[in-house]
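*Asks:* Residue numbers (our numbering): 544 to 860.
Here a beta-carbon is modelled for each residue, glycine too, at the ideal position from N, C-alpha and C.
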């Protein structure tokens with residue numbers, strides 16, 4: 544797996560570090576063989592970061608032409624996002640089946656190439672309006688953490704770049720290995736792409752979200768049982784409306800969506816690490832029936848539980 548990360552004069556070290564850290568840890572942790580991460584610039588020359596650090600020994604565009612994953616970790620308003628050479632590199636990468644990733648403002652050159660015309664895209668919320676104005680052929684979202692179309696992925700700013708990169712690892716190596724990586728770099732193992740970029744109330748009313756946190760822990764320990772919003776609100780001793788509002792303020796998503804995501808996360812772990820039947824996994828993850836489990840799994844991951852197990856199941860290796 545060859546990964547080519549684009550760098551340019553003025554890039555910040557954080558934006559560059561996100562893909563280098565996540566993808567580099569795959570090899571350092573021994574999670575997969577053959578993952579190679581390279582950095583390149585459009586002319587192969589040294590670049591100066593926003594912090595004044597000189598990055599040398601960079602590859603040229605040839606590295607991008609051979610990449611399985613082409614990453615634009617950021618972008619600068621001073622750079623021409625319609626550079627013909629750069630756009631050709633993006634289009635060729637996309638046409639040969641490589642994954643193209645535009646992280647944060649890195650969505651600009653990806654969108655400019657036309658590979659996302661007619662589809663949704665996300666970028667840092669401060670740059671969303673300008674992106675939509677420049678490129679009316681795409682549907683710009685300003686709230687999602689990341690959007691993965693399978694062939695192209697874009698993310699919101701800063702920390703969401705880490706989420707998107709961990710998501711890429713998860714989609715290729717499975718949830719269990721992605722969780723190992725996430726623990727190593729101390730980030731959440733999985734945040735949904737449609738989770739809000741920022742929480743409406745960073746500090747919930749009263750400065751204490753203890754009831755929500757305790758209810759989350761309780762729900763995680765009881766995924767095999769029905770967990771309606773009323774069930775969760777009752778456990779937290781709150782009204783349904785108050786609980787839903789505080790839950791979204793704390794997690795950035797709705798209670799129902801969060802519960803479904805946690806059920807699916809748990810199911811993936813069981814598919815990867817055990818040989819238990821689909822029926823047993825469906826029951827233990829609270830889906831009620833194997834049919835309901837399969838429908839939700841396919842809707843989320845565009846594959847069946849059995850196919851997922853065949854690809855990522857460690858217990859069968």
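Nearest to residue 650 by alpha carbon, out of 781, 840 and 701?
*Replies:* 701
*Asks:* Measuring CB to CB, does residue 554 end up less than 7 Å from residue 580?
*Replies:* In this structure, residue 580 does not lie closer than 7 Å to residue 554 by Cβ.
*Asks:* Starting from residue 676 and walking both ways along the beta strand (DSSP E), at which residues does that stretch end?
*Replies:* For residue 676, there is no enclosing beta strand (DSSP E); the residue is found in the alpha helix (DSSP H) stretching over 671 to 677.
*Asks:* Return the bridge partner residues of residue 579 from the DSSP annotation.
*Replies:* 545
*Asks:* DSSP three-state call for residue 826: helix, strand or coil?
*Replies:* helix
*Asks:* So, residue 659 versus residue 681, is the Cβ gap smaller than 7 Å?
*Replies:* yes
*Asks:* Three-state secondary structure (DSSP) at residue 551?
*Replies:* coil
*Asks:* Exposed or buried, what is residue 849 when buried is set at 16 or more other beta-carbons lying within 10 Å of its beta-carbon?
*Replies:* exposed
*Asks:* From which residue to which residue does the alpha helix (DSSP H) around residue 588 run?
*Replies:* Taken as a continuous stretch (DSSP letters only), residue 588 belongs to no alpha helix (DSSP H), as it is neither H nor E.
*Asks:* Look at residue 583 and residue 607 and say whether their C-beta atoms are less than 7 Å apart.
*Replies:* yes
*Asks:* Just checking my contact of residue 763 with residue 811 at CB under 8 Å: how many whole Å lie between their CB atoms?
*Replies:* Not confirmed; about 15 Å, so no contact.
*Asks:* Residue 785 by DSSP, collapsed to three states: which one?
*Replies:* helix
*Asks:* When you compare each of 776, 724 and 808 to residue 754 by their alpha carbons, which one comes out closest?
*Replies:* Scanning 776, 724 and 808 for the CA closest to the CA of residue 754 turns up 776.
*Asks:* Around the Cβ of residue 696, are there at least 16 other Cβ atoms within 10 angstroms (buried) or fewer (exposed)?
*Replies:* buried
*Asks:* Give the DSSP-derived three-state secondary structure of residue 643 in the structure shown.
*Replies:* Three-state DSSP puts residue 643 in a strand.
*Asks:* In the DSSP assignment, the beta strand (DSSP E) including residue 614 goes from what residue to what residue?
*Replies:* 612 to 615
*Asks:* Determine the burial state of residue 835: buried for a count of at least 16 other Cβ atoms within 10 Å of its Cβ, exposed for fewer.
*Replies:* exposed
*Asks:* Between the stretch 784 to 804 and the stretch 815 to 828, can you find at least three pairs of beta-carbon atoms closer than 8 Å?
*Replies:* no
*Asks:* Can you look up residue 748 in the DSSP assignment and give me helix, strand or coil?
*Replies:* Below a pLDDT of 50, predicted positions are generally treated as unreliable, and residue 748, at 38, falls in that range; the measurement from the model is reported next regardless. The answer is helix: DSSP assigns residue 748 an H, G or I state.
*Asks:* Helix, strand or coil, according to DSSP, for residue 860 in the structure here?
*Replies:* Residue confidence is low: residue 860 scores 48 on pLDDT, short of 50, so the model does not pin down where it sits. No coordinate-derived value is stated.
*Asks:* Going by alpha carbons, who is nearest to residue 831 out of 846, 802 and 768?
*Replies:* Answer by Cα proximity: 768.
*Asks:* Please determine, among 619, 698 and 563, the residue with the shortest C-alpha to C-alpha distance to residue 523.
*Replies:* Because the chain is modelled from 544 through 860, residue 523 falls outside the range shown and cannot be assessed.
*Asks:* Rounded to a whole number of angstroms, what is the C-alpha to C-alpha distance between residue 597 and residue 558?
*Replies:* 15 Å
*Asks:* Can you tell me whether DSSP reads residue 740 as helix, strand or coil?
*Replies:* Per-residue confidence for residue 740 stands at a pLDDT of 45, beneath the threshold of 50, marking its modelled position as unreliable; the derived number appears in the next sentence. It is coil, neither helix nor strand.
*Asks:* Between residue 620 and the ligand GDP, is the CB less than 6 Å from at least one heavy atom?
*Replies:* Of ligands this structure carries none, so the ligand GDP is not represented either.
*Asks:* How should residue 802 be labelled, buried or exposed, when 16 other C-beta atoms within 10 angstroms of its C-beta is the threshold for buried?
*Replies:* buried
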